[in-house]
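Q:
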Amino acid sequence: MNKWLYHIALAFLFCFSCENEPVEQYVATPSPLQIPKLFSDNIIAPIIPINNPQTQEGIALGKKLFFDPILSGNNTQACADCHAPENAFTDSAKFSEGINGNLGTRNSMPLFNLAWNYDEKFFWDGNTFSLEHQVFVPVSDPTEMNSNWKDVVLKLQQHSEYPNLFKNAFGTNNIDSTLISKAIAQFERTLISANSKFDQYLLGETKLTPNELNGFNVFMDETKGDCFHCHGSDKNPLWTDHAFHNNGLDNAFTDLGLGAVTGDPADNGKFKSPSLRNLAFTAPYMHDGRFATLDDVINHYSQGLKNSATVDPLMKKLNQGGVQLSDNDKADLKAFLLTLSDYEFISN
Amino acid sequence: MKRISLLLLILLTLSLACSNNDKVDLTNVTFNFNHNWDGTKVTNADFNTLKFTNAYGNQMSIERLRYLISRIVFQKSNGKTIVLEGYNLVDVTNNETLSFMPSTFVTTGEYSNISFTFGFNNEANTNNYADLNTASWNVPDMLGGGYHYMQLDGKFLNDANEEQGYNYHAIRAVDTPGETPSFPQDTFIVVNLGPTTITDNATFNIEMNIAEWFKTPNTWNLNELNQTLMPNSAAQIMMYENGQNVFSLESVNQ
Numbered sequence: 001m002n003k004w005l006y007h008i009a010l011a012f013l014f015c016f017s018c019e020n021e022p023v024e025q026y027v028a029t030p031s032p033l034q035i036p037k038l039f040s041d042n043i044i045a046p047i048i049p050i051n052n053p054q055t056q057e058g059i060a061l062g063k064k065l066f067f068d069p070i071l072s073g074n075n076t077q078a079c080a081d082c083h084a085p086e087n088a089f090t091d092s093a094k095f096s097e098g099i100n101g102n103l104g105t106r107n108s109m110p111l112f113n114l115a116w117n118y119d120e121k122f123f124w125d126g127n128t129f130s131l132e133h134q135v136f137v138p139v140s141d142p143t144e145m146n147s148n149w150k151d152v153v154l155k156l157q158q159h160s161e162y163p164n165l166f167k168n169a170f171g172t173n174n175i176d177s178t179l180i181s182k183a184i185a186q187f188e189r190t191l192i193s194a195n196s197k198f199d200q201y202l203l204g205e206t207k208l209t210p211n212e213l214n215g216f217n218v219f220m221d222e223t224k225g226d227c228f229h230c231h232g233s234d235k236n237p238l239w240t241d242h243a244f245h246n247n248g249l250d251n252a253f254t255d256l257g258l259g260a261v262t263g264d265p266a267d268n269g270k271f272k273s274p275s276l277r278n279l280a281f282t283a284p285y286m287h288d289g290r291f292a293t294l295d296d297v298i299n300h301y302s303q304g305l306k307n308s309a310t311v312d313p314l315m316k317k318l319n320q321g322g323v324q325l326s327d328n329d330k331a332d333l334k335a336f337l338l339t340l341s342d343y344e345f346i347s348n
Numbered sequence: 001m002k003r004i005s006l007l008l009l010i011l012l013t014l015s016l017a018c019s020n021n022d023k024v025d026l027t028n029v030t031f032n033f034n035h036n037w038d039g040t041k042v043t044n045a046d047f048n049t050l051k052f053t054n055a056y057g058n059q060m061s062i063e064r065l066r067y068l069i070s071r072i073v074f075q076k077s078n079g080k081t082i083v084l085e086g087y088n089l090v091d092v093t094n095n096e097t098l099s100f101m102p103s104t105f106v107t108t109g110e111y112s113n114i115s116f117t118f119g120f121n122n123e124a125n126t127n128n129y130a131d132l133n134t135a136s137w138n139v140p141d142m143l144g145g146g147y148h149y150m151q152l153d154g155k156f157l158n159d160a161n162e163e164q165g166y167n168y169h170a171i172r173a174v175d176t177p178g179e180t181p182s183f184p185q186d187t188f189i190v191v192n193l194g195p196t197t198i199t200d201n202a203t204f205n206i207e208m209n210i211a212e213w214f215k216t217p218n219t220w221n222l223n224e225l226n227q228t229l230m231p232n233s234a235a236q237i238m239m240y241e242n243g244q245n246v247f248s249l250e251s252v253n254q
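Have a look at this one:
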């Protein structure tokens, strides 16, 4: 009997010792996204992966990595080289040059409001799911940073600062590609653009000129620009539907876009609708950077549309080449589009 | 002590009696939205090819189909109604949200009619819905604002035998677009599904016959009415008229 009591007492002691034993789980300093009023008022919440919450240390580490050429094969190119802050985190060149002088085949995409990319399909053809996975692509792409993750991890591990920064961000100084991608994704989610002149107008903080107001009406008028079906409206501050469309650029395709990803011929020639924010900084335009100016873009929709099997039915008056805007409406539409540019965003 | 025991016994008996007499069974209801073209099943796998022919004779395809349903109402024979909260944007293009389970429970029993609204009624159409804004479902303010009821896009073979786009977009009919639009008549549609007895976890299988949008009473010629139909109040009223027989209740599983 005494033996039994002894065993029960031991078991109790063991349980209590387990309960009281502190489990060390490192938690960095939370840093929730600062969601702009127009966003919280009008659209659903951003996507933050449960396994990669925003933290001060993670964001700071991601920012350092984003601007550090250490991620490239020969330590000459950082993410920021093709995603420059002054260009709303895109490249002013039609195609970006990789570390070996090779050119890509698509225009670099600007980076802002990425946490609101709800279906999490990234790149012009949506070939990559999630911002974290997106980070993996350019680092190892031979035409871009032409590196490999083993080398990148080794370089960072041997660096004088990075191991400690990873320890602060993620509680471990054992660096791996997953943690690198998490840190960069955290930083990229903080690239929020929501202070354009049009945002200020919607918040009652400024007024638009008569030309800008008419341009907005051209944008929203189904008998004129009819831009809102793909690019949203004053109720959707993202200015994109995040969907894939063939917007009548070509009769035949040299780049299949979404079609190459899905294998469905009905998707050939479809590319993601880009946001119309920050157009003042993001020329050239379209997935292949074919249009150098906004005038070129507006002329395309007005009289330059080309027919093909997959052209979107939303492209109006295709048989006339487009929506046939007057010169005044074109000028006003351009004036409105430029009010979507956020000068504070590129100066921070 | 005896007194307390007696009191407890009375309370227990009373509570059991109450629970038996006033028993109200609540259940979930689900609405499935299926689609056909005059009886032939249609899914997004049928999109993007000119495989349909409308009543006028236009050979046509579907590339995008989304529509909004709202205000599901369960009506008792005594006139009492249960209005289920919420709405659902049915996205056939992406094969998403074809099934909708409102958050409100309904009581089991007999109902003299069950209905839903295609689109929003005028009052609901004035609210701000973050998920619908996110889905770029808005109607421009110059057309009265609010939200689309349906976006049906595709291509047809025109009189010149060339493929041409169409945008059969249903909204609240509007005249005099601009700062002070006016509304000639309501164009949301209350769809009556008829009487049903709900027992447990009822699933309503609703059918949309897409061909009906082009058939009765207005035989729709896509050569004449294809794009820029949102500011065309006459076209909107024709859509409303044709929409009266688009939906039907195929079955109720429970």
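Top line first, the protein sequences correspond to chains A and W.
Numbering-wise (UniProt numbering), the first sequence opens with residue 1 and increments by one.
Numbering-wise (UniProt numbering), the second sequence opens with residue 1 and increments by one.
Glycine included, every Cβ here is placed at the ideal spot set by N, Cα and C.
(1) Rounded to whole angstroms, what's the CA-CA distance from Leu305 (chain A) to Asn319 (chain A)? Just pull it up for me.
(2) So the candidates are W:His35, W:Lys155, W:Asn127, W:Tyr67; which of them puts its Cα closest to the Cα of Gln59 (chain W)?
(3) Taking C-alpha atoms, which residue in A:Tyr301, A:Gln158, A:Phe136 lies nearest to Ser326 (chain A)?
(4) Run through chain A and tell me which residues come within less than 9 Å of Glu96 (chain W), C-beta to C-beta.
(5) Could you pull out every residue in the same chain whose Cβ sits closer than 7 Å to the Cβ of Ala235 (chain W), ignoring the five residues on either side in sequence?
(6) Where residue 260 (chain W) and Pro181 (chain W) are concerned, what is the direct C-alpha to C-alpha distance, given to the nearest angstrom?
(7) Apply the 10 Å Cβ neighbour rule to Leu103 (chain A) and answer buried if 16 or more other Cβ atoms are within range, or exposed otherwise.
(8) What ranges does the beta strand (DSSP E) occupy inside the stretch 114-201 of chain W, keeping only unbroken runs of at least 3 residues that lie completely in it?
(9) Could you tell me whether the stretch 29-37 of chain W touches the stretch 204-221 of chain W, where touching means 3 or more Cβ pairs closer than 8 Å?
(10) Opposite Tyr26 (chain A) in the DSSP bridges: which residues?
(11) Is it right to say Gln34 (chain A) is buried, meaning 16 or more other beta carbons lie within 10 angstroms of its own, or is it exposed?
(12) Just verifying my parser: in three-state terms, what is the DSSP assignment at Glu224 (chain W)?
(13) Would you say Asp159 (chain W) lies against chain A (beta-carbon separation less than 8 Å)?
(14) Is the Cβ of Gly232 (chain A) closer than 8 Å to any Cβ of chain W?
(15) Would you please verify whether the beta carbon of Glu120 (chain A) is less than 8 Å from any beta carbon of chain W?
(16) In terms of residues, what are the limits of the beta strand (DSSP E) holding His242 (chain A)?
(17) Taking the alpha carbon of Ala55 (chain W) as the point to measure from, which residue in W:Asn253, W:Trp213, W:Ser251 has its own alpha carbon closest?
(18) Can you tell me which of the three DSSP states Asn44 (chain W) falls into?
(19) Checking 8 Å against the spacing of the C-beta atoms, do residue 356 (chain A) and Asn278 (chain A) come in under that value?
(20) Counting only Cβ pairs nearer than 7 Å, list the residues of chain A close to Tyr111 (chain W).
(21) Between Asp25 (chain W) and chain A, is any beta-carbon pair separated by less than 8 Å?
(22) Locate the beta strand (DSSP E) running through Gln75 (chain W), then write down its first and last residues.
(23) Can Tyr67 (chain W) and Met150 (chain W) be called in contact, C-beta distance under 8 Å?
(24) With a Cβ-Cβ cutoff of 8 Å, do Pro237 (chain A) and Ile59 (chain A) count as a contact?
(25) Using a C-beta cutoff of 8 Å, does Thr262 (chain A) count as contacting chain W?
(26) Whole-angstrom Cβ separation of Leu202 (chain A) and Asp234 (chain A), contact assumed at under 8 Å?
(27) Counting only C-beta atoms, is Lys41 (chain W) closer than 8 Å to chain A at any point?
(28) Using a cut-off of 7 Å between C-beta atoms, extract the partners of Glu222 (chain A) located in chain W.
(29) Which residue or residues does DSSP assign as beta-bridge partners of Leu103 (chain A)?
(30) Work out the CA separation of Ala211 (chain W) and Leu294 (chain A) for me, nearest whole Å.
(31) Using the beta-carbon count (16 or more within 10 Å), is Val27 (chain A) buried or exposed?
(32) Evaluate the contact criterion for the stretch 126-145 of chain A versus the stretch 172-182 of chain A: three or more CB pairs, one atom per stretch, below 8 Å.
(33) Under a three-way DSSP split, which group does Phe16 (chain A) fall into?
(34) Near Gly62 (chain A), what residues of its chain come up, given a Cβ to Cβ distance below 6 Å and the 5 sequence neighbours on each side ignored?
(35) Pick out whichever of W:Pro140, W:Asn113, W:Ser112 has its Cα sitting closest to the Cα of Asn125 (chain W).
(36) Here's a check: name, in chain order, each residue in its chain whose Cβ is nearer than 7 Å to the Cβ of Phe228 (chain A), leaving out the five neighbours to either side.
A: For this structure:
(1) Along the first sequence, read from residue 1 onward, the residue named residue 305 (chain A) stands at position 305. Along the first sequence, read from residue 1 onward, the residue named residue 319 (chain A) stands at position 319. The straight-line gap from Cα to Cα measures roughly 8 Å.
(2) The count along the second sequence starts at 1 and reaches residue 59 (chain W) at position 59. It is W:Lys155 whose Cα lies nearest to the Cα of Gln59 (chain W).
(3) As a first step, residue 326 (chain A) must be located in the first sequence, where it is residue number 326. Among A:Tyr301, A:Gln158, A:Phe136, the Cα nearest to that of Ser326 (chain A) is on A:Tyr301.
(4) Locating residue 96 (chain W) in the second sequence gives position 96, counting from the first residue. Going along chain A, no residue has its Cβ under 9 Å from Glu96 (chain W), so there is no contact; the nearest lies around 10 Å.
(5) As a first step, residue 235 (chain W) is located in the second sequence; it is residue number 235 there, counting from the start. Closer than 7 Å at Cβ, skipping near neighbours: Leu225, Leu229.
(6) Nothing in the structure corresponds to residue 260 (chain W), since chain W is present only between 1 and 254.
(7) What you label residue 103 (chain A) is simply residue 103 of the first sequence in a count that begins at 1. The residue in question, Leu103 (chain A), is exposed, as its Cβ has fewer than 16 Cβ neighbours within 10 Å.
(8) 150-157, 163-170, 189-198
(9) yes
(10) Taking the first residue of the first sequence as 1, we reach residue 26 (chain A) at position 26. According to DSSP, Tyr26 (chain A) bridges with nothing at all.
(11) Here residue 34 (chain A) refers to the residue found at position 34 of the first sequence. Gln34 (chain A) is exposed by the Cβ-count criterion.
(12) Position 224 of the second sequence holds residue 224 (chain W). Residue state, collapsed to three classes: coil.
(13) Taking the second sequence and counting its residues from 1, the one referred to as residue 159 (chain W) is at position 159. Answer no: the Cβ-Cβ gap between Asp159 (chain W) and chain A never drops below 8 Å.
(14) Start at 1 with the first residue of the first sequence, and residue 232 (chain A) comes out as number 232. Yes, Gly232 (chain A) counts as interfacial toward chain W.
(15) Looking up residue 120 (chain A) in the first sequence gives position 120. No, because no Cβ of chain W sits closer than 8 Å to the Cβ of Glu120 (chain A).
(16) The residue you call residue 242 (chain A) lines up with position 242 of the first sequence. Careful: His242 (chain A) lies outside any beta strand (DSSP E) and carries neither H nor E.
(17) Within the second sequence, residue 55 (chain W) is the residue found at index 55, counting from 1. Of the candidates W:Asn253, W:Trp213, W:Ser251, the one whose C-alpha sits nearest the C-alpha of Ala55 (chain W) is W:Trp213.
(18) Residue mapping note: residue 44 (chain W) aligns to position 44 of the second sequence, counting from 1. Residue state, collapsed to three classes: helix.
(19) For residue 356 (chain A) there is no data in the structure shown, the boundaries of chain A being 1 and 348.
(20) By 1-based counting over the second sequence, the position of residue 111 (chain W) is 111. In chain order: nothing, as chain A lies at least about 33 Å away.
(21) The count along the second sequence starts at 1 and reaches residue 25 (chain W) at position 25. With 8 Å as the cut-off, Asp25 (chain W) does not count as an interface residue toward chain A.
(22) Position 75 of the second sequence, counting from 1, holds the residue named residue 75 (chain W). That run of the beta strand (DSSP E) goes 64-75.
(23) To locate residue 67 (chain W), count along the second sequence from 1; it is residue 67. To locate residue 150 (chain W), count along the second sequence from 1; it is residue 150. Yes, the Cβ-Cβ distance between Tyr67 (chain W) and Met150 (chain W) is below 8 Å.
(24) Reading the first sequence from its first residue, position 237 is the one you call residue 237 (chain A). Reading the first sequence from its first residue, position 59 is the one you call residue 59 (chain A). No, the Cβ-Cβ distance between Pro237 (chain A) and Ile59 (chain A) is not below 8 Å.
(25) On the first sequence, residue 262 (chain A) is found 262 positions in, with the first residue counted as 1. Chain W, which has no Cβ nearer than 8 Å to the Cβ of Thr262 (chain A), makes this no.
(26) The residue you call residue 202 (chain A) lines up with position 202 of the first sequence. The residue you call residue 234 (chain A) lines up with position 234 of the first sequence. Indeed, because the Cβ distance is near 6 Å, the residues count as touching under 8 Å.
(27) By 1-based counting over the second sequence, the position of residue 41 (chain W) is 41. Lys41 (chain W) does not count as touching chain A.
(28) As a first step, residue 222 (chain A) is located in the first sequence; it is residue number 222 there, counting from the start. Thr228, Met230, Pro231, listed in chain order.
(29) Position 103 of the first sequence, counted from the first residue, corresponds to residue 103 (chain A). The partner list for Leu103 (chain A) (beta bridge, DSSP) reads A:Glu97.
(30) Numbered from its first residue, the first sequence carries residue 294 (chain A) at position 294. Numbered from its first residue, the second sequence carries residue 211 (chain W) at position 211. Their backbone Cα atoms lie some 41 Å apart in a straight line.
(31) Counted from its first residue, the first sequence places residue 27 (chain A) at position 27. It counts as exposed.
(32) yes
(33) Taking the first sequence and counting its residues from 1, the one referred to as residue 16 (chain A) is at position 16. Annotation note: pLDDT 48 at Phe16 (chain A) (below 50); position unreliable, coordinate value reported separately. Residue state, collapsed to three classes: helix.
(34) Reading the first sequence from its first residue, position 62 is the one you call residue 62 (chain A). The answer, listed in chain order, is Ala183, Ile184, Gln186, Phe187.
(35) Your numbering for residue 125 (chain W) matches position 125 in the second sequence. Minimum Cα distance to Asn125 (chain W) is reached at W:Pro140.
(36) The residue you call residue 228 (chain A) lines up with position 228 of the first sequence. The answer, listed in chain order, is Phe219, Met220.
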